[in-house]
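Chemist: Following this message is one structure expressed as structure tokens.
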Amino acid sequence: MDNSSNENVINLEQSSDMLTDLIRNHARQLIKEALELEVAEVLQEFKERRLADGRQAVCRSGYQPEREIQTGIGPVPVKVPKIRSRDGQPESFNSALVPPF
-2 MDNSSNENVI NLEQSSDMLT DLIRNHARQL IKEALELEVA EVLQEFKERR LADGRQAVCR
58 SGYQPEREIQ TGIGPVPVKV PKIRSRDGQP ESFNSALVPP F
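Numbering of the sequence shown is given in our numbering, commencing with residue -2 and proceeding in unit increments.
Printed below as a string of structure tokens:
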């Protein structure tokens, strides 16, 4: 098969312009801010749950590995925050914005 048949094919992942990059970067920032607000609300629900030494029983625990989610402007990389429970009762954070893995 000759390569001339692929000359008109554009790889969408490589196709980029300044405006699209700007929109993607702002989308990434907006999603990040929304996720931080979401996890803060979840942690607020557990504010009164404390350990015997007074520390919060449910706290932040870093981020899940970065991954791409599909948006109307193409893939946008995101890092979803994690929470953990120190008192043995399982708790997790599930975003309303970003689908689970």
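Glycine included, C-beta positions come from ideal geometry on N, C-alpha and C.
#1: Measuring only the C-alpha atoms, how far is Asp50 from Ala37?
#2: Classify Ile70 as buried or exposed, calling it buried when 16 or more other Cβ atoms lie within 10 Å of its own Cβ.
#3: Give me the Cα-Cα distance between Asn22 and Gln86, rounded to the nearest whole angstrom.
#4: Where does Gln67 sit, in a helix, a strand or coil, going by DSSP?
#5: From Ser92, Thr68, Lys44, Val55, pick the residue whose C-alpha is nearest to that of Gln61; which is it?
#6: Using the Cα positions of Thr68 and Ile28, report the straight-line distance between them to the nearest angstrom.
Modeler: Looking at the atomic coordinates:
#1: Position 53 of the sequence shown, counted from the first residue, corresponds to residue 50. Position 40 of the sequence shown, counted from the first residue, corresponds to residue 37. Approximately 22 angstroms, taken between the alpha carbons.
#2: Taking the sequence shown and counting its residues from 1, the one referred to as residue 70 is at position 73. Residue environment analysis places Ile70 among the exposed positions, since fewer than 16 neighbouring C-beta atoms fall within 10 angstroms of its C-beta.
#3: Numbered from 1 along the sequence shown, position 25 holds the residue referred to as residue 22. Numbered from 1 along the sequence shown, position 89 holds the residue referred to as residue 86. C-alpha separation (whole angstroms): 37 angstroms.
#4: Within the sequence shown, the letter at position 70 stands for residue 67. The DSSP-derived three-state label of Gln67 is strand.
#5: Counted from its first residue, the sequence shown places residue 61 at position 64. When each option's Cα is compared against that of Gln61, the closest is Ser92.
#6: Taking the sequence shown and counting its residues from 1, the one referred to as residue 68 is at position 71. Taking the sequence shown and counting its residues from 1, the one referred to as residue 28 is at position 31. Taking the straight line joining both Cα atoms gives about 11 angstroms.
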